[in-house]
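No gaps in the numbering here: position 59 of the sequence shown is 80 in the working numbering, and each next residue is one more. Every residue, glycine too, gets a C-beta built ideally from N, C-alpha and C. Model, not experiment: these values are computed from the prediction. To keep things clear, I will list the structure first and then write my remarks on it.
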Amino acid sequence: MGKSRATPADPPVTHAFSGLTNEKPIFGPLFLSLPPRRVRRSSSVLLPSGSPPPRPPAPAPARYLHTGEISRSFAVRWLVASLLYHLNREEGDRILQQRQLNNDCSANEEGYCGEWRWRSWFGNCYIHCKRSIVKKKEVEIEELCRLHYEDFILAVDELRGVLVDADELKGMLYGENSHLQEASADQLLKLDELLELYSVKKNVGEAITTLKICVEVFSLCMTCNNFIAEAKFHPALKTLDLIQKGYLRNIPLKLVKKVVARQIPLIKLHIEKKVCSEFNDWLVHIRRMAKQIGQASISQASSARQKGEEMRARQREAEGHSHAGPDEHLYALDLENTEEESALHFDLTPVYRAHHMHTCLGMEDKFRDYYYKNRLMQLNLDMQISTSQPFLESHQPFLAQVAGFFIVEERVLRTADGLLLESQVETTWETAIGKITSILEEQFSRMRTASHLLLIKDYVTLLGAAVNKYGYRITQLIEVLEKSRDKYHQLLLLDCRKQIDDVLTNDSYEQMVIKKEYEYSMNVTAFHLEHDDAIPDFPYVTSFSSSVPDVCRIVRSFIEDSVSYLSYGGLMNIYDVVKAYLDRLLIEVLNDSLLNMIYARSLGMSQMMQLAGNISVLEQACGMYLLHSAQLCGIPKRVAERSHSGLTARAVLKASQNAVYNALINLTNFKVDEFMVLLEEVNWIAEEAPDNANDYMNEVLIYLETLVSTAQEILPLEALYKVVSGAMSHISDSIMTTLLNDGVKRFTVNAVLGIDIDLKTLEAFADDKFDSTGLSDLGKETTFRDCLVEIRQLTNLLLSSQPENFMNPVIRQRNYGSLDYKKLAIICEKYKDSADSLFGSLSNRNTPQQSARKKSMDVLKRRLKDFS
């Protein structure tokens, strides 16, 4: 219960329910936040009007009662008493705090008398304030309690229901706990039984193992007796060992025991010397034989590789002729390989005998160490490469010696029980392969010829195939070959670059003339450079020059060398790698060489056309390169043809075609410019209209005729279209540029009529060539005539009777859509309807039509000036 914080000098606070003055009710602060209601004051106690006189409240119940046991009056009075207690206490505390503050501030001024007067006065004020506050709050609280007593009763009922539910939940938890404990008791008993059964099983297993060991020991004793009875040397030595270890101590006769103990070491020493002498002779012999063993094994691997290649070739041929029946040789049993493998034999009897004897003598570890150290010394001697001759000459005997050594070691590991540990052989092999890889890396780094590197690589892969057959890991060998793969292809690319540069430089860039069938087969059919497989009549003129088949031969050789290097390595699918290097060859070497020829500007027009035709043929040959690569990589032709991933070089060569086409266009335009210089000689202020085309146009037409006839024989139609279209556009631009330049100060209608004649002649030529070359069948949207549209529209506008119609949007869009406002404004400023000559006003009288056209032109000039 809370205690009042009033000082002892203060009288206790009393009110209508004085029995609850020092009691803190349970539900005291429930309704403090509700707003007060207006009530009518009574003479003694503040109660709502019409309420019966108050009765002293009963003490707060120790537990909650049901709704029927709590009356309305009791609930109201109990709540009023609780709230009054809190209000009185809080107000008193506030006044006491104020009093303490005032006492602290005035203690030094008034002294003891002031303090006494203050206490008396404050006590009266304090009591009066408390009573007034009590009366005020009683009215408010009683009204609130009267309004909300029903909610209080409902809350009590809900709390009672919560207590009942809590008791039920507690009982359920106790029941579930008891049930779980009862259920787990049986399971614990079963678990104990299971553990006991496991223990019994373990004991029975150990007993069975012990019995098996005992049976083996008894069987060994019986076998030993039989060997002694037969008087065999090896079983006798074994029997001696058994007697010494297991029976010597148990012999009851001391004399026999002494004799046996004295003779056993002598016999064992004699046997040891005998077998060691034989073993040392074998060490010398096997080192001489190791090279032959390695060469024989590598030769077998080479034969197996060759047979595999022949088998794959037959399979590819069979797939190419799938309509035929099965080949009887395709699935023949290979007996030659079995005979060759059986021919690879060497004698290990001295090793077996020495190992067995030392084992029986109890010196197996000593002999194992002796064998391992001597063989390791031999390997160190074998790993020393010769410095007196190049590695290209010494690598084969060096690698064969290593291969023979480890073939012998594998046979010893597999057949001489316990003489060598697998970890020892692996350690020796790792050491040797580490030295070999370091030697190969050093030698590869010094090589500058791709063929030498390929030769050594082939023998290294044969070494790997030979020793891998005996279980040796060749990962490091494959890795060193993979590391040198880029080095090899870089050297190969350098060789190909030199060859291709020589071929392109020495080419005359004239069409090949083939006179015999074998030449056609060697230069055309072999590379599928013609779509028609039929043999033509000879002499036959190809669409390409001699550099194309030479380049194809270089590319094919590159593919074969690349496949040779990548084959029998660690890659499962070498086709993608070969294709990547082929892309590098075509892009970094062939395409660069072609671009160098294009940008060198050392070729004439016909040679540049032939180069463009060559690039087109080489671009089409990319499909043949892919099929050849797939065939060498063992991919069926039908699978390679269905593959959607082509060479990136094809697009690059296509771009190079555009580059050479642009070069052709530039050459053509440069040549056209030589003739367009004659435009400067045109009389731009002629007094009379010309009857024929100007001289420059005649020269241009002659050149274009030669250009089209030459290009039609060499270039594809697409290239022909680009070159001629570029020339036509350049002619149009040249005339426009001439009219815009300051060299032409002014020009007359007669000069425009001359340009009109030039254009008509050129347009007739353009239409004729567009139809005769077959370009009209390609469905091109822009013809050769359309390339002259700008200068044609300008000419039509200047010769028009109403030039001002240009400012009409509809007419301009239909008839003059290619003309630019600024260019037209400049040209129109230079345009004069007639020439200014002496006595021109008298001799050249303007007709009404000319006057109207002049006025219209003046209007156009003004409007163009305003527009600008």
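query, result
"For the 8 Å Cβ check, are there 3 or more pairs between the region 710 to 721 and the region 651 to 661?", "no"
"Taking Cβ to Cβ, would you say threonine 689 is nearer than 8 Å to valine 729?", "no"
"Determine the DSSP secondary structure at isoleucine 575, reduced to helix, strand or coil.", "helix"
"With the cut-off set at 8 Å, would you say leucine 674 and methionine 629 are in Cβ contact?", "no"
"Quick check: the Cα distance between lysine 504 and leucine 648, rounded to an integer number of angstroms?", "27 Å"
"Taking the alpha helix (DSSP H) that isoleucine 847 belongs to, which residues open and close that run?", "842 to 851"
"Relative to the C-alpha of threonine 794, which candidate in Asn762, Tyr742, Met757 and Glu825 has its C-alpha closest?", "Tyr742"
"Quick check: the region 479 to 486 against the region 433 to 448, are there 3 or more CB pairs under 8 Å?", "no"
"By DSSP, does isoleucine 314 sit in helix, in strand, or in coil?", "helix"
"Compute the Euclidean distance between the alpha carbons of leucine 397 and leucine 420, then round it to the nearest angstrom.", "16 Å"
"Please list, in chain order, all residues of the same chain as isoleucine 556 whose beta carbon is under 8 Å from its beta carbon, the five residues on each side excluded.", "Glu538 and Tyr541"
"Taking all protein chains shown into account, decide if phenylalanine 827 is buried (16 or more other Cβ within 10 angstroms of its Cβ) or exposed.", "buried"
"Let me check understanding here. Comparing Cα to Cα, which of Thr496, Lys191, Met749 and Leu168 lies closest to aspartate 807?", "Met749"
"Look at the alpha carbon of alanine 317 and the alpha carbon of tyrosine 561, and state the distance between them as a whole number of angstroms.", "53 Å"
"According to the neighbour-count rule (16 or more other Cβ atoms, all chains shown, within 10 Å of its Cβ), is lysine 279 buried or exposed?", "exposed"
"With DSSP as the reference, identify every bridge partner of valine 534, one or two as the case may be.", "Val562"
"Closest to isoleucine 895 by C-alpha separation, out of Val681, Phe559 and Asn612, would be which residue?", "Residue 895 is absent from the model: the chain starts at 22 and stops at 889."
"Considering just the uninterrupted stretch of the alpha helix (DSSP H) at tyrosine 596, what are its terminal residues?", "596 to 605"
"Hey, could you find the ends of the alpha helix (DSSP H) isoleucine 656 is sitting in?", "Where isoleucine 656 is concerned, there is no enclosing alpha helix (DSSP H), given that its DSSP letter is neither H nor E."
"Within 10 Å of its beta-carbon, does leucine 400 have 16 or more other beta-carbons around it, so buried, or fewer, so exposed?", "buried"
"Flag this pair as yes or no: are the beta carbons of asparagine 612 and serine 677 separated by less than 8 Å?", "yes"
"Tell me whether histidine 12 is buried or exposed, calling it buried when 16 or more other Cβ atoms sit within 10 Å of its Cβ.", "Nothing about residue 12 can be read from this structure; the chain reaches only from 22 to 889."
"For serine 324 and valine 433, what's the separation of their Cα atoms in angstroms?", "26 Å"
"Could you check the C-alpha separation between aspartate 558 and lysine 536 for me, to the nearest Å?", "9 Å"
"For the region 713 to 779, list the alpha helix (DSSP H) runs that are entirely contained and at least 4 residues long, ordered along the chain.", "716 to 735 and 738 to 761"
"From phenylalanine 52 to aspartate 186, what does the alpha carbon distance come to, in whole angstroms?", "Reliability of the predicted coordinates at phenylalanine 52 is poor, the pLDDT of 35 falling under 50, and no value is obtained from them."
"Is DSSP giving lysine 882 helix, strand or coil here?", "helix"
"Return the CA-CA distance between tryptophan 450 and valine 598, expressed in angstroms with no decimal places.", "30 Å"
"Cutting at 7 Å between CB atoms, please list the residues of its own chain near proline 418, excluding the five before and the five after it.", "Lys312"
"With DSSP as the reference, label valine 703 as helix, strand or coil.", "coil"
"Hey, glycine 634 and phenylalanine 565: beta-carbon distance below 8 Å or not?", "yes"
"With a cut-off of 8 Å, does the C-beta of alanine 487 fall near any C-beta of chain B?", "No chain B is present in this structure, which holds just one protein chain."
"Would you identify the three-state DSSP class for aspartate 887, choosing helix, strand or coil?", "helix"
"Three or more C-beta pairs closer than 8 Å, one from the region 835 to 850 and one from the region 796 to 806: is that the case here?", "no"
"Report yes if the C-beta distance between alanine 471 and aspartate 523 is below 8 Å; otherwise report no.", "no"
"Do you know how far the Cα of glutamate 214 is from the Cα of asparagine 198?", "25 Å"
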